[in-house]
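Undergrad: Structure incoming, see below.
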Amino acid sequence: MLIIIFSVWVSISGVYPQTSNGDIGAVYTMSNGAIMNQIIVSSLKSNGQLTLIQMISTNGTGVNTSMGDPLFSQGSLQIYSNCLFAVNPGSNSLSMFSIDRLNATNLTLVSVQQVKGWFPVSVTVNSMYACVLTGGNSTGIRCFTYNMSGLYVVPSMDRDLTSYISQSVPPSGPKGTMSEILFSADNRSLIVSVKGYNSTMPGYRWFITIFNDTSRYQRLISH
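Count the sequence shown with mature numbering (1 follows the signal peptide of the UniProt record, and there is no 0) and you get residues -17 to -1, 1 to 206, in order.
Printed below as a string of C-alpha cells:
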C-alpha cells in the first residue's frame, strides 16, 4: 500500500530558474513505504497541473500502516536553500538530498544518518543545523551540521526525551504524540509540540535552550 503523508513544493521561477517546458515549480511527496521510502517528484505548471517525473529512494524505510497519517506530525519533509531533508520512520534515519538549481525536479541523494531514538517524525532546518525529533518508545532530538558533502552529527546537541514522553512503535495516536520540532526565531532554542489527551491533560510545547552543551527545558501548556 502506498501512503502519501506529506508534500512540499519549491518555486522554479523564484529560487530556481524557470525551465523551457513552462514549469513553475516542483512538488516533493514522501511515500513512507515500509520496504522502501521514496521521494515522489512532480513538476508543477502555472495552471496547477502536476506531472510525475521520478521516484527516488531515500535509502531508508517508512512504516507499513493503513492509517492516512501514521506519523501524526508536521515537518517530515523540509526544504532549506537547495537541500531537501526527509525522515525515515522505519529505519530511524534522516536523508538529505541536493536540489538542482537549474531544474528542481532533479534530486541527488547526498547523505543518510541515524537519528537519536526511534521513529523520527519531524525535522527542522536553519542555515547551520538540521534537527530531528523522534516519537517512538525511545524519544529524543539529534542535530546535524550539513553541507553538500553530507550530514554530520553534533553529539553535544543530542537530547534524550524518553523520561518525559514515550510512545509505541509506530505511535498510537493522534492523542499524546509528538507533533513537530521547530527552531525559535532567534535560533537559540528548539520548540517541540506534543498533543494532549483531553481537557485535563492538554497539549503542550517544550522550549529547549541549547547553548554551550547545556539545556534548559521550559514546558508551556496549550489552552
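The beta-carbon is built from N, C-alpha and C at its ideal position, and this holds for glycine as well.
What is the rounded straight-line gap between the Cα of Ala17 and the Cα of Gly45?
TA: Near 5 Å, if we compare the C-alpha coordinates of Gly45 and Ala17.
Undergrad: Can you give, in chain order, each stretch of the beta strand (DSSP E) that sits fully within the segment 28 to 66 and has at least 3 residues?
TA: You should have 33 to 40, 60 to 63.
Undergrad: Does DSSP put Ser146 in a helix, in a strand, or in coil?
TA: Coil, per DSSP.
Undergrad: Going by CA-CA distance only, name the one from Lys99, Gly156, Pro72, Gln97 that's closest to Phe55.
TA: Among Lys99, Gly156, Pro72, Gln97, the Cα nearest to that of Phe55 is on Gly156.
Undergrad: Would you grab the beta carbon distance between Gln96 and Phe127 for me? Rounded to a whole angstrom, and I think it's under 8 Å.
TA: Indeed, because the Cβ distance is near 6 Å, the residues count as touching under 8 Å.
Undergrad: Give every residue of the same chain whose Cβ lies closer than 6 Å to the Cβ of Thr41, excluding the five residues on either side of it in the sequence, and list them in chain order.
TA: Contacts found: Asn20, Ala69, Asn71, Ser78.
Undergrad: Pick helix, strand or coil for Pro72, following the three-state DSSP scheme.
TA: DSSP places Pro72 in coil when its eight states are reduced to three.
Undergrad: Between which residues of its own chain and Leu33 is the CB-CB distance below 8 Å, once the five residues before and five after are set aside?
TA: These residues qualify, in order along the chain: Val10, Ser25, Ser26, Leu27.
Undergrad: How many angstroms separate the CA atom of Val93 from the CA atom of Arg84?
TA: Val93 and Arg84: Cα-Cα distance of roughly 15 Å.
Undergrad: Would the beta-carbon of Leu60 fall within 9 Å of that of Val106?
TA: Yes; because the gap between Cβ atoms is below 9 Å, this pair is in contact.
Undergrad: Is the separation between the beta-carbon of Ser151 and that of Ser162 shorter than 9 Å?
TA: No, they are not a contact pair.
Undergrad: Along the beta strand (DSSP E) that carries Asn89, what are the first and last residues, could you check?
TA: Asn89 -> no beta strand (DSSP E), and no H or E assigned at all.
Undergrad: Starting from Ala168 and walking both ways along the beta strand (DSSP E), at which residues does that stretch end?
TA: Looking at the DSSP string, Ala168 is not in any beta strand (DSSP E), and its letter there is neither H nor E.
Undergrad: Residue 208: buried (16+ other C-beta within 10 angstroms of its C-beta) or exposed?
TA: One cannot answer for residue 208 here, as it falls past the ends of the chain, which runs -17 to 206.
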